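Numbering (our numbering), first residue to last: 859 to 1017. By construction, the Cβ of each residue, glycine as well, lies at the ideal position given by its N, Cα and C atoms. Computed from a predicted structure; not experimentally measured. Below: the structure, in C-alpha cells.
Written out as C-alpha cells, the structure is:
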C-alpha cells in the first residue's frame, strides 16, 4: 500500500471480491487514519509520523484479510487506538491556526471520525461482537472540532 499510487489503490477497492477476500473496509479505515494524521501534520510542523503508521496498518489489514487469521480484527483495533490520539492534536491546532489551515483541522477530524467508525464496524463484522465503546467519544469530539471550525469561520466571515 505504501508504494501504490492512489489510482491503483482505488482500482483495487473497486474490484469485486471473487475468491479470496480482498482488503476493503478495515484497510479504508487505516488509510483514513493516515489521511487524518497527514492533515494534522500539515497544520503543524509537519513532523507527525502518524500517517506512516496508518499506512502500515492498512498493509497489516490487507494481509490479515487475505490470510483470514484469527486476529484479522487487530489492525482495525489499532486504527481505533491510533485515532484516539488525534482529537487532542486537532483541538490544539484550533487555537494555533487560522484561515485555510482550519479547514485541514476540520477535515482531519472528520476523516479521523470515519476511520474510527469504519474500524469499529470492521471489528464487529470480523468478530461478531460489539467492541470499543470509546469510538462514540471520538465521534463526539470530531463533531465538536468541526463545529468549532465552522463557527470560527462564520465569525471570520461576519467580522
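Cα-Cα separation, residue i to residue j
i	j	result
residue 1030	residue 867	Outside the displayed span of the chain (859 to 1017) sits residue 1030, for which this structure offers no information.
residue 991	residue 901	29 Å
residue 966	residue 994	17 Å
residue 818	residue 864	As shown, the chain starts at 859 and ends at 1017. That puts residue 818 outside it, with no answer to give.
residue 986	residue 931	11 Å
residue 940	residue 925	23 Å
residue 869	residue 882	11 Å
residue 953	residue 928	44 Å
residue 884	residue 919	6 Å
residue 957	residue 1010	9 Å
residue 948	residue 898	7 Å
residue 904	residue 890	18 Å
residue 917	residue 968	22 Å
residue 922	residue 1000	28 Å
residue 874	residue 960	37 Å
residue 886	residue 962	19 Å
Other residues of its chain near residue i: CB distance less than 6 Å, five sequence neighbours each side excluded
i	result
residue 915	888, 933, 936 and 937
residue 908	895
residue 955	901
residue 892	909, 912 and 913
residue 984	930 and 931
residue 944	894 and 970
residue 951	901 and 963
8 Å CB neighbourhood of residue i in its chain, flanking five on each side removed
i	result
residue 964	1003, 1004, 1007 and 1008
residue 997	971, 974 and 975
Same chain, Cβ closer than 7 Å to residue i, five either side skipped, listed in chain order
i	result
residue 910	none
residue 946	none
(request) May I ask you to verify whether the stretch 974-986 touches the stretch 930-947, counting CB pairs closer than 8 Å and requiring at least 3? (result) Yes, since at least three Cβ pairs between the stretch 974-986 and the stretch 930-947 fall closer than 8 Å, the two stretches touch.
(request) At 4 residues or longer, and completely inside the stretch 933-1001: list those alpha helix (DSSP H) runs for me, N to C. (result) With a minimum length of 4 residues, the continuous alpha helix (DSSP H) runs that stay inside the stretch 933-1001 are 944-954 and 958-985.
(message) Please give the ranges of any alpha helix (DSSP H) in the stretch 896-925, keeping only runs that are unbroken, at least 4 residues long and fully inside the region.
(response) Entirely contained in the stretch 896-925, the alpha helix (DSSP H) runs reaching 4 residues are, in chain order, 908-925.
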